[in-house]
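Residue 224 in the numbering used here is what sits at position 29 of the sequence shown, and the numbering runs on without skipping anything. Built from N, CA and C at the ideal position, the CB exists for glycine as well. Here the structure is laid out as structure tokens; the discussion comes afterwards.
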Amino acid sequence: MTETIEHLTDCVAFGTPQQKAAAAAQLLSGSYLLMLEERTDRLALAKCA
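Spelled out as structure tokens, the structure:
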């Protein structure tokens, strides 16, 4: 799942306008952003511990 999210965020950051739109739509349509946020929070907590 991490690879999928990384790929989609790379597309949003560096892709063509069509790739950016498709990747953003996919990120927004699913629970990808929530999963990314939860993972980021867990990593931040692990660094603090």
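Where does residue i sit, in a helix, a strand or coil, going by DSSP?
| i | result |
| --- | --- |
| Thr199 | helix |
| Thr211 | coil |
| Ser224 | helix |
Quick one: is residue i near chain D, going by C-beta distance under 8 Å?
| i | result |
| --- | --- |
| Ala208 | Given the protein chain composition of this structure (a single chain), no chain D is represented. |
Judging by CA-CA distance, which residue of the options is the nearest neighbour of residue i?
| i | options | result |
| --- | --- | --- |
| Leu160 | Asp236, Ala241 and Thr204 | For the chain, the structure presents residues 196 to 244; residue 160 sits outside this window and is missing. |
Evaluate the contact criterion for the stretch 208-221 versus the stretch 229-244: three or more CB pairs, one atom per stretch, below 8 Å.
-> Touching, no, given that fewer than three Cβ pairs across the two stretches are closer than 8 Å.
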